[in-house]
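Written below as structure tokens is the structure these notes are about.
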Amino acid sequence: MATTTSGNIIDLDIYGRDNADGTAIQYIDSKAVSNALQMYLSSKKGDFLYAPSAGGVLDSQTFKIMTLESLTILQFNIRNALTNYFTPYIQIISINLEAMYEEHALKIEIIYSTNNLNIEKVTVYTNADFNTKHYEYTDIAYAGENLLK
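Residues 3 to 151 (our numbering) are what the sequence shown spells out, left to right.
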């Protein structure tokens with residue numbers, strides 16, 4: 003996210019998509035802030051060249067059970083990180099976390115206001131693929147050679 007001399011906030015598309023003419027997709031002002039928030043929340047530590055310790059807010063919750071206590075800690079960590087890295091651009095109104103247990107996912111909804119007093123909302127979903135191997139057991143009669151193997 004960068005600020006131009008005219009005061010506009012500009013950010014490049016987090017997915018690296020291009021326009022039809024091959025130039026990078028750019029977002030301006032509120033769309034740029036929303037794009038940057040999504041990128042920041044889904045980032046890992048080390049993703050930012052000049053701030054290697056930034057990002058990775060959601061990594062702290064990886065593989066943790068979604069209890070009320072852990073969700074409260076995560077909400078605090080998100081608020082703290084966004085306050086530290088986005089303070090001049092946004093003022094956080096609320097952060098809502100919704101555990102979706104059946105889908106093994108977490109819905110994060112951040113409502114904030116920008117410098118021009120527009121109220122915006124960004125929603126980020128995290129999920130994990132809990133593929134576990136299922137083994138099929140075949141009963142074998144324990145007799146004869148099977149006892150030797």
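Every residue gets a Cβ at the ideal spot worked out from N, C-alpha and C, and that includes glycine.
Asked, Found
"Whole angstroms is fine: what's the gap from Ala22's alpha carbon to Lys47's?", "32 Å"
"Here's a check: name, in chain order, each residue in its chain whose Cβ is nearer than 6 Å to the Cβ of Leu39, leaving out the five neighbours to either side.", "Val124"
"Using DSSP's beta-bridge definition, name the partner residues of Ile113.", "Ser96, Lys123"
"Helix, strand or coil for Arg19, going by three-state DSSP, please let me know.", "coil"
"Short of 6 Å in beta carbon distance, which residues of its chain neighbour Glu100, apart from the five on each side in sequence? Order them along the chain.", "Lys109"
"Would you identify the three-state DSSP class for Ala53, choosing helix, strand or coil?", "coil"
"Nearest to Ala83 by CA position, among Ala53, Thr64, His106, Asp20, is which residue?", "Ala53"
"Could you give the distance in angstroms between the alpha-carbon of Lys66 and the alpha-carbon of Gln28?", "36 Å"
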